[in-house]
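Below: the structure, in structure tokens.
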Amino acid sequence: MSITNSIQNENKKPLHIPSDVIEEILFFIQEDDLETLHSCSLINRQWCQLVIPKLWKHPFYYAQKGNSKLISLILSFLKDIQKESLIYNGIILSSTTTFNSNYRSKFNYISMIKHLHYDFMLISVEEWCKQLTFAPVNVVSLIIKIILKLFIDNSVKLNSLFIWPSHVRWRHYNLNRYIELVEPEFNGLIENLKFLHVETHSHYPSANFIQKLSLIVRNVEILHLRTPLLGLMRFPNSMEDNMAKSLCTLIQSQNNLKEFKLVNSIRYTSSFIASLSIHTNNLKSIILFDTKIDEIDTWKTLTNCFNLENFEIINCVGLHDEFILPFNNIINWKKLKWISIEKNQPSDVNDELKLWIINRYKKGLNDYGFGKLFDNFINVSKGNENGDIIIK
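Everything in the sequence shown is counted per the numbering used here, starting at 5 for the first residue and increasing by one.
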């Protein structure tokens, strides 16, 4: 073979890119950019092997309006005995409801799941059930249990769980919509959660579900609560009070809570914040957003968070000078790196908090010097030899 031919053959060889470089590239692709991710998976086998786990770590994130094909693909992993169980319950799988029985992917997609958007999975199951020629009344519950069992059989250990009832449009809604997830046989799926985002919408999910969830999930490090209607619906028999108590129990039951975010809280803010009292040594981040702060007791818990690194109060109402006074005496937030105070009402409270931040730096309580107030970025640092404070 001539040297020229050898060079030409060498030039035809595909360029090899190390896997860690590809992973770095994928890191900068937005997770909701499905088109780009799918294109990347078609480049070659190496790219495909790296992209597929990225897509399947949270498959229902992409199914916000329901995806029956996703359910069909998951059900293609059913064993024959599991299919017989469905038939026994009156559910007949056909070519329209599942992939070809001879189809076997080289990827174990299910084992890649790390984050579950539970409501999006529910509406995907509802979409899938529309294709059935006959379906028992409890068909959604049956399919959900089958899918959760598949997760368990494939050793799925969820890292994150999202309960977002207001993000979907339901065909059928019932109070026990989420109860399958907290049945004992599925405990292993959620018991090691690190991130939990729970949203209440009207009286969904039920207080009973939250109570059972509190008994299973004990190791959450990041907990986000959104309670937009809680306290406004005026349901009978203290239904809202029971929900609030259940959420407080969920907060208190965690062993190593590091971040707490509260959004759209109206009536029960002080109760939720008070529930953080047992976490004051572990908490590193507290975020209050679009929330009514109605009692001064709220701050008593916050001021004892000795290891706090991030503190944000944004779009909150009900603040006044009495709330701010305790902050002027705080000397134990020595690890605080980021403070964000924006658009709170009344607006003069923002000025008081601004002075509090500046005073902290004058006292040398922080080395980092980051603060965000109103819509501007304010960097507070020791600007010259005399230690004067500079605000940028």
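Cβ coordinates follow ideal geometry from the N, Cα and C atoms, glycine included.
Where DSSP assigns a beta bridge to residue i, which residues make up the other side?
i, result
"F166", "H121, H201"
"E263", "I226, S289"
"K153", "In the DSSP output, where bridge partners are listed per residue, K153 has none listed."
"Y208", "H205"
"K296", "V321"
With distances taken Cα to Cα, identify the nearest neighbour of residue i among the options.
i, options, result
"H324", "S351, P63, F276", "S351"
"S145", "V353, N246, K161, D123", "D123"
"F166", "D294, L229, I277", "L229"
"E187", "P22, S250, I156", "I156"
"C309", "P169, N285, I317", "N285"
"V267", "K338, S279, I282, P232", "P232"
"D298", "T305, S274, I26", "S274"
"A139", "Y92, R173, K110", "Y92"
"K58", "E35, I343, H20", "E35"
"I150", "K118, W51, H42, I85", "I85"
"F111", "E88, P169, C52, K87", "C52"
"L74", "W60, N363, K87", "W60"
Can the beta-carbon of residue i be found less than 7 Å from the beta-carbon of residue j?
i, j, result
"L220", "E195", "According to the sequence provided, residue 220 is Ile. The question's Leu does not apply to it. Yes, these two residues count as a Cβ contact at 7 Å."
"L152", "F213", "no"
"G235", "R271", "yes"
"A67", "S128", "yes"
"T40", "I29", "no"
"F315", "I277", "no"
"N180", "I114", "no"
"F81", "L162", "no"
"N260", "E225", "yes"
"S250", "Q215", "yes"
Alpha carbon to alpha carbon, how far is residue i from residue j?
i, j, result
"E131", "M125", "10 Å"
"W360", "V143", "58 Å"
"K198", "Q256", "15 Å"
"F374", "L200", "With a pLDDT of 45 at F374, under the threshold of 50, the modelled position of that residue is not reliable, and no figure is offered here."
"H62", "S76", "16 Å"
"I96", "L136", "7 Å"
"F64", "L120", "7 Å"
"P209", "K358", "39 Å"
"I148", "L254", "24 Å"
"M399", "E326", "No answer is possible for residue 399: it lies beyond the span of the chain, which begins at 5 and ends at 396."
"C320", "W337", "22 Å"
"S344", "R49", "45 Å"
"K134", "N71", "12 Å"
"C44", "I26", "10 Å"
"I394", "W303", "Low confidence applies to I394: its pLDDT is 34, below 50, so where it sits in the model is not reliable, and the reading given next is rough at best. Whole-angstrom Cα-Cα distance: 28 Å."
"Q349", "D355", "11 Å"
"M237", "S89", "41 Å"
"I282", "V202", "20 Å"
"V141", "G94", "10 Å"
"H20", "D37", "25 Å"
"K69", "K83", "28 Å"
"R222", "F31", "30 Å"
"V353", "I183", "43 Å"
"L79", "K87", "9 Å"
"H42", "C252", "42 Å"
"S242", "W168", "23 Å"
"R173", "I56", "28 Å"
Return the Cβ separation of residue i and residue j in integer angstroms, given the expectation that the two are a contact with Cβ distance under 8 Å.
i, j, result
"M247", "T295", "Their Cβ separation, rounded to whole angstroms, is 17 Å, which puts M247 and T295 out of contact at 8 Å."
"K341", "N311", "In fact, because the Cβ distance is near 11 Å, the residues do not count as touching under 8 Å."
"L217", "Q258", "With 8 Å as the limit, L217 and Q258 do not qualify as a contact, their Cβ atoms being about 11 Å apart."
"K265", "F293", "7 Å"
"L193", "V160", "6 Å"
"L280", "T307", "Going by Cβ atoms, the distance from L280 to T307 rounds to 12 Å, so no, they are not a contact pair."
"I318", "K347", "6 Å"
"S23", "L54", "6 Å"
"S170", "K118", "S170 to K118, Cβ: 24 Å. No contact."
Taking 6 Å as the cut-off, is the CB of residue i close to at least one heavy atom of the ligand SAM?
i, result
"V141", "Within the structure as shown, the ligand SAM is missing, as the structure has no ligands at all."
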